[in-house]
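J.: This is the structure I want to talk about, given as structure tokens.
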Amino acid sequence: MEDNSIKIRPFCPNLGAIVTGVDLSKQISASEFKSIKKAFLKYQVLFFQNQKEISPEVQIKLGKRFGDLHSHPAAPTMEGYPEIFEIHAHKNSKIANGEFWHSDVSCDNNPPLGTMLQLHILPQSGGDTMFSNMNQAYEKLSDTFKDFLGNLKAVHESEHVYKSRYSDRGVENSDITYPHAIHPIVRTHPETNKKSLFVNRTFTTQILGLSEFESKNILDFLFNHCESLEFQIRYKWNRNDMVFWDNRCAMHRAIWDYWPMERKGRRVTIKGDKPW
Ligand code: SIN
Numbered sequence: 021m022e023d024n025s026i027k028i029r030p031f032c033p034n035l036g037a038i039v040t041g042v043d044l045s046k047q048i049s050a051s052e053f054k055s056i057k058k059a060f061l062k063y064q065v066l067f068f069q070n071q072k073e074i075s076p077e078v079q080i081k082l083g084k085r086f087g088d089l090h091s092h093p094a095a096p097t098m099e100g101y102p103e104i105f106e107i108h109a110h111k112n113s114k115i116a117n118g119e120f121w122h123s124d125v126s127c128d129n130n131p132p133l134g135t136m137l138q139l140h141i142l143p144q145s146g147g148d149t150m151f152s153n154m155n156q157a158y159e160k161l162s163d164t165f166k167d168f169l170g171n172l173k174a175v176h177e178s179e180h181v182y183k184s185r186y187s188d189r190g191v192e193n194s195d196i197t198y199p200h201a202i203h204p205i206v207r208t209h210p211e212t213n214k215k216s217l218f219v220n221r222t223f224t225t226q227i228l229g230l231s232e233f234e235s236k237n238i239l240d241f242l243f244n245h246c247e248s249l250e251f252q253i254r255y256k257w258n259r260n261d262m263v264f265w266d267n268r269c270a271m272h273r274a275i276w277d278y279w280p281m282e283r284k285g286r287r288v289t290i291k292g293d294k295p296w
């Protein structure tokens, strides 16, 4: 049975839905879980509004309803909570997280299925997050180009992204092994069976089997295509909104337009499958 007190309405025609009528600070019921899961697969990104700040313990439990949690290979975690990645930018920050289009940690062999982020401190203005529908980006291509891409794999790397990235937050990651992986350019969603483009400007560095020149130009085309306005939405956060996105079929980008103001929250990621 699904829960009728949950209200789910589309955010935009291309992706996203606003979810109200569920209190994430309490354990969600089986029927609430069912409604949320169905909406997640349909809309790719859910914006839970009218929420209270939830504790790290509750956020970890909530994330675990959707699968085992993924550990970030390089980012600072919250003290005592290795599953929680604190998103934090302020006047002394040299970088903010997720400033370029990406699917979270696509450099992992098994990149995260989804991410749940709640923001507790917002700048007075700015700090929006953008999302892009990678299933629509795939569907928009010609059949001939879809066939061509269907046989290709790409390399996703992370050293250029993570090396020294978090040193101003006390994380020295000179001794970590930076993950890299090879994934199909077109991936099939394991739950909806829909196909999506799975390349992004942050992590994808090379297409296997093509010359450097061909690889660079096709990747540039794909990055620009995936970032087209028609596939995008832009979300303006309210304090304590929880946003839950599907990394298998949506990319995102956080806008750092609010310096020197502060923006802070906590994120958990749920383990995903090897893309196929
Ligand atoms: C991220 O997880 O990539 C950051 C998203 C955000 O801060 O809005």
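Okay, so the sequence shown: first residue is 21 according to the working numbering, each after it adds one. Beta carbons are placed, not taken as given, at the ideal position from N, Cα and C, and that holds for glycine. All figures in this text were calculated on a predicted structure; none of them were measured in a lab.
#1: State whether the region 97–109 contacts the region 246–254, with contact taken as three or more CB pairs (one from each stretch) at a distance under 8 angstroms.
#2: Helix, strand or coil for Tyr255, going by three-state DSSP, please let me know.
#3: Does the region 151–166 come into contact with the region 40–47, if we say contact requires no fewer than three beta-carbon pairs (one atom in each stretch) closer than 8 angstroms?
#4: DSSP state of Lys214, grouped into three classes?
#5: Does the distance between the C-beta of Arg29 and the nearest non-hydrogen atom of ligand 1 fall short of 7 angstroms?
#6: Using C-beta distances below 7 angstroms, list every residue in its chain close to Gly285, excluding the 5 sequence neighbours before and after it, in chain order.
#7: Taking only runs of the beta strand (DSSP E) that begin and end inside the region 69–106, which ones reach a length of at least 3 residues, in chain order?
#8: Identify the residues that DSSP records as bridge partners of Gln138: which are they?
#9: Consider the C-beta atom of Ala274 and the heavy atoms of ligand 1; say whether any pair is separated by less than 7 angstroms.
#10: Quick check on the burial criterion: 16 or more other C-beta atoms within 10 angstroms. Buried or exposed for Trp121?
#11: Is Ser126 near His176, with beta carbons less than 8 angstroms apart?
#12: From Tyr182 to Asp124, what distance separates their C-alpha atoms?
#13: Return the first residue and the last residue of the alpha helix (DSSP H) that Thr222 is part of.
#14: By how many angstroms is the C-alpha of Trp257 removed from the C-alpha of Lys291?
#15: State the Cα-Cα distance for the pair Phe31 and Asp128, rounded to the nearest angstrom.
#16: Is Asp124 near ligand 1, with its Cβ less than 7 angstroms from a heavy atom?
#17: Is Leu137 near ligand 1, going by C-beta to nearest heavy atom under 7 angstroms?
#18: Kindly list the residues whose CB is nearer than 8 angstroms to the CB of Ile2, restricted to its own chain and excluding five residues on each side of it in sequence; keep chain order.
#19: Of the choices Lys114, Asn260, Phe105 and Asn213, whose alpha-carbon is the least far from that of Pro295?
#20: From this set, Ser25, Ile26, Arg29 and Gly36, which residue's C-alpha is nearest Val263's C-alpha?
#21: Looking only at C-alpha atoms, which of Pro210, His180, Phe68 and Arg207 sits nearest to Thr197?
#22: Would you call the region 164–172 and the region 82–92 in contact, with 3 or more CB pairs under 8 angstroms?
#23: By Cβ distance below 7 angstroms, which residues in the same chain neighbour Lys72 in space, the five residues on each side in sequence not counted?
#24: Given Glu282, which residues of its chain have a CB within under 6 angstroms of its CB, disregarding the five upstream and five downstream residues?
#25: What runs of the alpha helix (DSSP H), each 4 residues or longer, lie entirely inside the region 21–45?
#26: Does at least one heavy atom of ligand 1 sit under 7 angstroms from the Cβ of Asn117?
#27: With distances taken from CA atoms, which of Glu232, Asn130, Lys58 and Asn171 is nearest Ile28?
#28: Can you tell which of Tyr63, Arg185, Pro143 and Val78 has its C-alpha closest to the C-alpha of Arg268?
#29: Around the Cβ of Phe67, are there at least 16 other Cβ atoms within 10 angstroms (buried) or fewer (exposed)?
T.: The short version:
#1: In this structure the region 97–109 does not lie against the region 246–254, because fewer than three pairs of beta carbons, one per stretch, are closer than 8 angstroms.
#2: The three-state reading of DSSP puts Tyr255 in strand, counting E and B together.
#3: With a cut-off of 8 angstroms, the region 40–47 and the region 151–166 do not count as touching, because too few Cβ pairs lie within range.
#4: In this structure, Lys214 counts as coil in the three-state DSSP scheme.
#5: For ligand 1, not one heavy atom lies less than 7 angstroms from the Cβ of Arg29.
#6: Within the same chain, Ile107, Leu137, Gln138, Leu139 and His140 come within 7 angstroms of Gly285 by CB-CB distance, once the 5 residues on both sides are set aside.
#7: Within the region 69–106, there are no complete beta strand (DSSP E) runs of at least 3 residues.
#8: Answer is Met262 and Arg286.
#9: Result yes, Cβ under 7 angstroms from ligand 1.
#10: A residue is called buried once 16 or more other Cβ atoms fall within 10 Å of its Cβ, and Trp121 is buried on that count.
#11: It is a contact, given that the beta carbons lie within the stated cut-off.
#12: Between the alpha carbons of Tyr182 and Asp124 lies a gap of roughly 12 angstroms.
#13: Per DSSP, Thr222 belongs to no alpha helix (DSSP H) and is neither H nor E.
#14: Looking at the two C-alpha atoms, the distance is approximately 25 angstroms.
#15: Going by the C-alpha atoms only, they are around 30 angstroms apart.
#16: Flag set: Cβ of Asp124 near ligand 1.
#17: For ligand 1, at least one heavy atom lies less than 7 angstroms from the Cβ of Leu137.
#18: Nothing can be reported for residue 2: it is not among the residues displayed for the chain, which extend from 21 to 296.
#19: It is Asn213 whose Cα lies nearest to the Cα of Pro295.
#20: The alpha carbon of Val263 has as its nearest neighbour, out of Ser25, Ile26, Arg29 and Gly36, the alpha carbon of Gly36.
#21: Out of Pro210, His180, Phe68 and Arg207, His180 has the C-alpha closest to the C-alpha of Thr197.
#22: These segments do not touch.
#23: Result list for Lys72: Ser45 and Asn260, in chain order.
#24: Leaving aside the five residues that flank Glu282 on each side, the residues in its chain whose CB is nearer than 6 angstroms to its CB run, in chain order, His110 and Ile141.
#25: None, since the region 21–45 contains no complete alpha helix (DSSP H) of that length.
#26: Checking the Cβ of Asn117 against ligand 1 gives yes.
#27: Cα-wise, what sits closest to Ile28 is Lys58.
#28: Selected option, being the one with the closest Cα: Tyr63.
#29: By the neighbour-count definition (other C-beta atoms within 10 Å, threshold 16), Phe67 is a buried residue.
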